[in-house]
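Participant: Submitted below is the structure of interest, expressed as structure tokens.
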Amino acid sequence: MEYLWIVLLLQTISIAAECVADSCLLTLRSTSHISGRHATAQDFCTAYRHDATIFVPYEARFACQDENNVLDETRIASACACEFAPTETTPTLVTPAQITSPPAVAEDSFVEPCALVSSSSATQIATAPDAWPTVSAQLAYECLNSIPLNKTAAVDLVDAIGPYLEWQSDLAWKKDPPADYDCPAHDVIAALDKVRRNLIANKYANEYVFQVDLFEVFMKGCDGHLIMYPDAVSKAFVFLRQRSLVSVSEDGRSLPVIKLYEDVYNSSGTASYVTKINGIEASTYISKYGTEATSFRDADAVYNSMFFSKGSFAETGWKGFFSGGGRLQYIYPGPTTTFTFANGSSLILENNAIIFAEFDNVANGQQFYDKFCAINGDYHEEEAAVEDSATNFPYFDAAYPEPIIATNDSTLSGHYLDGQGYEDVAVLTVLAFDPQSTSQFQEVAQQFLENAKRDGKTKIIIDVSNNSGGYILQSYDLFRQFFPTIEQEATGRWRAGKAFMAIADIFSARIDKLDPAITTDYQIPWNISWFSHHFDLDASKKPFRSFDDKFGPYNVKGDNFTNTIQYNLNEPFFNSVDTHPFNSDVTGYGSRRNLTQHFDAKNIILV
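Heads up: the sequence shown runs through residues -17 to -1, 1 to 590, numbered per mature numbering (1 follows the signal peptide of the UniProt record, and there is no 0).
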């Protein structure tokens, strides 16, 4: 029981002396029936002229960006300098095959959007209990925007986040990145402080607007390890589009064009390519949209992640982040997506939202907050089932051919190419470095390299294009299986924050008193911890002389850090202690010191 009304705002903008008409503000859709929301660009600009520091709604922030994907406040200011003519509206009903219209509602009545979500969810679950219920993205968005702001709890949350950010070691580089760094400069601490100031100044209309702004503090860091998913943003809905994208070359030689995955899958020879998305040149839109919420630092990786690929599908089940998945699934994509094609046709499709939370007894925004955002005294995080906690790729068989050999969880698989002219090529696919069994991963890699050499393969492709990361020692081990005699360069620094230094001081004081001859299994992990100055090595691969030698602190780029450090992989305890995730010798060390290199470097390709 869902519906979608697209309101076409036919606005005539008169150009004043200092006015520059800018359609980026026309993304502000009328939602005046929801308490605390804006009602078209007119109302936003009325408030903006009074206070230019007011919160800019997300859809306008996305549309009103400059060429560097940064909010261009001059565009907003010049657009708001224009005088808006009275608005005429013409409603156009779009009804996809699966969607039915809601019951007739009197013009002066109001139905809470969260109540509509709850009702629709209950009906769909009763009809198809094994399927995820869905509603229009617009309805989910309106439900989220009806959540009242709990200012006290919001300020407390922001204050609680600060100490955690102290542990982020590259804050200085995010704030002032190198010239060739793809991500824009982002001062994480200043951004969090701005959110707090906005809360104090009452600039957030509701809880969701606040939480989206908080989410952006982390998203703009372009960092897979820097993330925080606020409750309202992530606990109830994920947004998705009805079509996915592929980037294909028409003949294998020409530059690729953008097509709909579904069109190519159903009729690859006749599928027309996409020229525009939502009125913006297609590749520009994809690049811009991808940077809104990414864990990638590289612009090419961001762009590629938006398209369907077999490897990504094997890992996640998603067909590219443009249609859903990743961090973008928590960002409202607008009510519809419009595709314009090279053959002159166009396609307008409703965007949807999956309801993955129970909406029983959620009839309004306050009840949403009470159920999904408030922490009760007996609150505890649900533990994932054991079978779901380990790495697994249920779509592997649909994405890859039968492997020659593979780990049980498919994180690592070996293949032989059989096309003409490629009979001597092997492929090692590495979907992750966090397998269910680190030892099996190591054994399968070694066995495949030995077998490939035996079977006459002289060239090998290492495919990590969809690798999601994992244990760093697993990657060291795989590198050393290809290059047993080359010692990897792997140094780094910890940000020497107050908490880090306090823990290091306590650890070192206790470890100084340990007698290695009588150290217990319980005490071994203390000695191989980053907080011990007795274990790891400096940049010259020599032990640190003292606590101060390792921990300093040393001033780098205006911030405090430890000395440059790296693992001591020759330490016997390091690879034998049961508490360490990689509980065997890393190739190149200990019992695995003398392996044979099977492929010349010139015959190895990394993709």
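Just so it is clear, CB atoms sit at the ideal spot from N, CA and C, and this is done for glycine as well.
Quick one, are the C-beta atoms of G303 and M289 less than 8 Å apart?
Facilitator: Within the sequence shown, residue 303 is the residue found at index 320, counting from 1. Within the sequence shown, residue 289 is the residue found at index 306, counting from 1. Yes; because the gap between Cβ atoms is below 8 Å, this pair is in contact.
Participant: Kindly list the residues whose CB is nearer than 7 Å to the CB of A487, restricted to its own chain and excluding five residues on each side of it in sequence; keep chain order.
Facilitator: Walking along the sequence shown from the start, residue 487 turns up at place 504. Excluding positions up to five away in sequence, the list reads F514 and F534.
Participant: Below 8 Å, how does it come out for the stretch 188 to 202 and the stretch 126 to 133: are there three or more Cβ pairs, yes or no?
Facilitator: Three or more Cβ pairs drawn from the stretch 188 to 202 and the stretch 126 to 133 lie within less than 8 Å of each other, which places the two stretches in contact.
Participant: Can you give me the Cβ contacts of I241 inside the same chain, cut-off strictly under 7 Å, excluding the 5 residues immediately before and after it?
Facilitator: For the purposes of this step, residue 241 is taken as residue 258 along the sequence shown, with counting starting at 1. Cβ within range, chain order: L228, S230, Y256, V257, A265 and S266.
Participant: Less than 8 Å between the CB atoms is what I'm expecting for T547 and D521, so what's the real figure, rounded?
Facilitator: Here residue 547 refers to the residue found at position 564 when the sequence shown is read from its first residue. Here residue 521 refers to the residue found at position 538 when the sequence shown is read from its first residue. Contact between T547 and D521 holds, with the beta-carbon distance rounding to 6 Å and staying under 8 Å.
Participant: Rounded to the nearest angstrom, how far is the Cβ of K440 from that of D407, given a contact under 8 Å?
Facilitator: The residue labelled residue 440 in the question sits at position 457 within the sequence shown. The residue labelled residue 407 in the question sits at position 424 within the sequence shown. At roughly 6 Å, the Cβ-Cβ gap stays under 8 Å, so K440 and D407 are in contact.
Participant: Measuring only the C-alpha atoms, how far is S458 from Q312?
Facilitator: By one-based count along the sequence shown, residue 458 stands at place 475. By one-based count along the sequence shown, residue 312 stands at place 329. Straight-line Cα distance between these residues: approximately 29 Å.
Participant: Around the Cβ of A368, are there at least 16 other Cβ atoms within 10 angstroms (buried) or fewer (exposed)?
Facilitator: As a first step, residue 368 is located in the sequence shown; it is residue number 385 there, counting from the start. Per-residue confidence for A368 stands at a pLDDT of 36, beneath the threshold of 50, marking its modelled position as unreliable; the derived number appears in the next sentence. That one is exposed.
Participant: Should the stretch 105 to 123 be called in touch with the stretch 160 to 170, which here means at least 3 C-beta pairs below 8 Å?
Facilitator: no
Participant: Classify Q471 as helix, strand or coil using the three-state DSSP reduction.
Facilitator: Within the sequence shown, residue 471 is the residue found at index 488, counting from 1. Residue state, collapsed to three classes: coil.
Participant: I think residue 592 touches G348, with their Cβ atoms under 8 Å apart; what is that distance to the nearest whole Å?
Facilitator: Look at the range of the chain in this structure, -17 to 590, and you will see that residue 592 is not part of it.
Participant: Rounding to the nearest angstrom, what Cα-Cα distance links A168 and K203 in this structure?
Facilitator: As a working mapping, residue 168 is identified with position 185 in the sequence shown. As a working mapping, residue 203 is identified with position 220 in the sequence shown. Roughly 9 Å between the two C-alpha positions.
Participant: Classify A173 as buried or exposed, calling it buried when 16 or more other Cβ atoms lie within 10 Å of its own Cβ.
Facilitator: Mapped onto the sequence shown, residue 173 falls at position 190. Exposed is the call here.
Participant: Can you grab the Cα-Cα spacing for the pair A485 / N543, in whole Å?
Facilitator: On the sequence shown, position 502 is the one that residue 485 refers to. On the sequence shown, position 560 is the one that residue 543 refers to. Roughly 14 Å separates the two Cα atoms.
Participant: If you reduce the DSSP assignment to three classes, tell me which class V100 lands in.
Facilitator: Mapped onto the sequence shown, residue 100 falls at position 117. Helix, per DSSP.
Participant: So, using beta-carbon positions, are Y405 and K293 closer together than 8 Å?
Facilitator: What you label residue 405 is simply residue 422 of the sequence shown in a count that begins at 1. What you label residue 293 is simply residue 310 of the sequence shown in a count that begins at 1. Contact flag unset, no.
Participant: Going by the CB atoms, is the gap between L395 and F424 shorter than 8 Å?
Facilitator: Within the sequence shown, the letter at position 441 stands for residue 424. Within the sequence shown, the letter at position 412 stands for residue 395. For F424 and L395, yes; Cβs fall inside 8 Å.
Participant: Rounded to a whole number of angstroms, what is the C-alpha to C-alpha distance between F462 and G571?
Facilitator: Here the question's residue 462 lines up with position 479 in the sequence shown. Here the question's residue 571 lines up with position 588 in the sequence shown. When rounded, the distance between both Cα atoms is 10 Å.
Participant: Do the stretch 333 to 344 and the stretch 211 to 228 make contact, defined as three or more Cβ pairs closer than 8 Å?
Facilitator: A contact exists between the stretch 333 to 344 and the stretch 211 to 228.
Participant: I need the DSSP call for F527, collapsed to helix, strand or coil.
Facilitator: Here residue 527 corresponds to residue number 544 of the sequence shown, with the count starting at 1. Of the three classes helix, strand and coil, the one that applies to F527 here is coil, per DSSP.
Participant: Flag this pair as touching only if the stretch 170 to 186 and the stretch 242 to 252 have three or more C-beta atom pairs under 8 Å; answer yes or no.
Facilitator: No contact exists between the stretch 170 to 186 and the stretch 242 to 252.
Participant: Am I right that G262 and T321 are in contact with their C-beta atoms under 8 Å? What's the rounded C-beta distance?
Facilitator: Position 279 of the sequence shown, counting from 1, holds the residue named residue 262. Position 338 of the sequence shown, counting from 1, holds the residue named residue 321. Right, the Cβ-Cβ distance comes to about 7 Å (below 8 Å), so this counts as a contact.
Participant: Run through the DSSP bridge pairs and tell me what L243 is partnered with.
Facilitator: Sequence index remark: in the sequence shown, residue 243 carries index 260 (1-based). Beta-bridge pairing links L243 to L228.
Participant: Going by beta carbon distance, what residues of the same chain come within less than 8 Å of V539, once the five residues before and after it are set aside?
Facilitator: Here the question's residue 539 lines up with position 556 in the sequence shown. Taken in chain order, the residues that qualify are A155 and R476.
Participant: Determine, using beta carbons only, whether I314 and A276 come nearer to each other than 8 Å.
Facilitator: Within the sequence shown, residue 314 is the residue found at index 331, counting from 1. Within the sequence shown, residue 276 is the residue found at index 293, counting from 1. A contact, by the Cβ cut-off of 8 Å.
Participant: Near K354, which residues of its chain fall below 7 Å by C-beta distance, leaving aside the five closest residues on each side in sequence?
Facilitator: Locating residue 354 in the sequence shown gives position 371, where the first residue counts as 1. Result list for K354: V345, in chain order.
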